[in-house]
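Visitor:
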Amino acid sequence: MHDTLNERPYMNTVGALVSEASFMGVVNTVKDNNPGMELGLAERIVAEGLKFVAACSRFPRDGLAPSRVVDEGWHGLILHTKVYSDLCEQLGGDFVHHFPGWDPMNYDPSVLERTRDRIRQCGYSVDDELWGPPVSAGVPLVSVAANCQHSTECAIKPMPTPQDPRE
78 MHDTLNERPY MNTVGALVSE ASFMGVVNTV KDNNPGMELG LAERIVAEGL
128 KFVAACSRFP RDGLAPSRVV DEGWHGLILH TKVYSDLCEQ LGGDFVHHFP
178 GWDPMNYDPS VLERTRDRIR QCGYSVDDEL WGPPVSAGVP LVSVAANCQH
228 STECAIKPMP TPQDPRE
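The numbering used here numbers the first residue of the sequence shown as 78 and each following residue consecutively.
(1) Pull up the distance between the alpha-carbon of alanine 222 and that of aspartate 194, whole angstroms please.
(2) Please identify the residue among Glu190, Gly200 and Ala119 whose C-alpha is closest to the C-alpha of histidine 152.
(3) For the alpha helix (DSSP H) that contains tyrosine 161, what are its first and last residues?
(4) Once DSSP output is grouped into helix, strand and coil, what is the label at threonine 90?
(5) Under a Cβ-count criterion, where at least 16 other Cβ atoms within 10 Å of its own Cβ denotes burial, should lysine 159 be classed as buried or exposed?
(6) Assign proline 177 to buried or exposed, taking buried as 16 or more other Cβ atoms, counted over all protein chains shown, within 10 Å of its Cβ.
(7) Quick check on DSSP: helix, strand or coil for arginine 138?
(8) Output needed for glycine 169: all residues of its chain with C-beta closer than 8 Å, excluding positions within five of it in sequence on either side, in chain order.
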């Protein structure tokens, strides 16, 4: 298995969430949607997407949202509908729905910090480099924007662009 799946021995691993074949299928989807992306970066993005879904399932009312980069991993998972459905069922919480709607350039560090904190509470390490603002130094942009959330009751609500998404 890839190091991304196994992570550190004292942490939960995303390898327990999906098979290596499923993981690599999603990784390949992310790579296909982002020509020129290195395999290692795609693996990291998918791993963070899995952790995000796990946190959303465990903390469904906490107003969690992905960073722009992690959102690409979530989108990759969603495109693999059977893998995604099985993942949500395995996690034992609510199905983690995707609600598009807010402007991805609205960046709220407190929402992302809360999300990272909930991921840690689930026992996962966090790849902080992938949880930055929409345009981060050192992390190439991905083809989709994080104009989404996992619940209509999140801190980021679907609404016209002029309104603050943190209301």
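Even glycine gets a Cβ: it sits at the ideal position worked out from N, Cα and C. Note that the coordinates shown come from a computational prediction; the quantities given were computed from them, not determined experimentally.
Guide: Looking at the atomic coordinates:
(1) Within the sequence shown, the letter at position 145 stands for residue 222. Within the sequence shown, the letter at position 117 stands for residue 194. Low confidence applies to alanine 222: its pLDDT is 40, below 50, so where it sits in the model is not reliable enough to give any reading.
(2) For this step, residue 152 is matched to residue 75 along the sequence shown. It is Ala119.
(3) As a working mapping, residue 161 is identified with position 84 in the sequence shown. Where tyrosine 161 is concerned, the enclosing alpha helix (DSSP H) stretches over 158-168.
(4) Residue mapping note: residue 90 aligns to position 13 of the sequence shown, counting from 1. Of the three classes helix, strand and coil, the one that applies to threonine 90 here is coil, per DSSP.
(5) Against the sequence shown, residue 159 aligns to sequence position 82. It counts as exposed.
(6) If you number the sequence shown from 1, residue 177 lands on position 100. Looking at its Cβ environment, which holds fewer than 16 other Cβ atoms inside 10 Å, proline 177 is exposed.
(7) Translated into the one-based positions of the sequence shown, residue 138 becomes position 61. In this structure, arginine 138 counts as coil in the three-state DSSP scheme.
(8) The count along the sequence shown starts at 1 and reaches residue 169 at position 92. Excluding residues within five positions, the ones whose Cβ falls inside 8 Å are Ser134.
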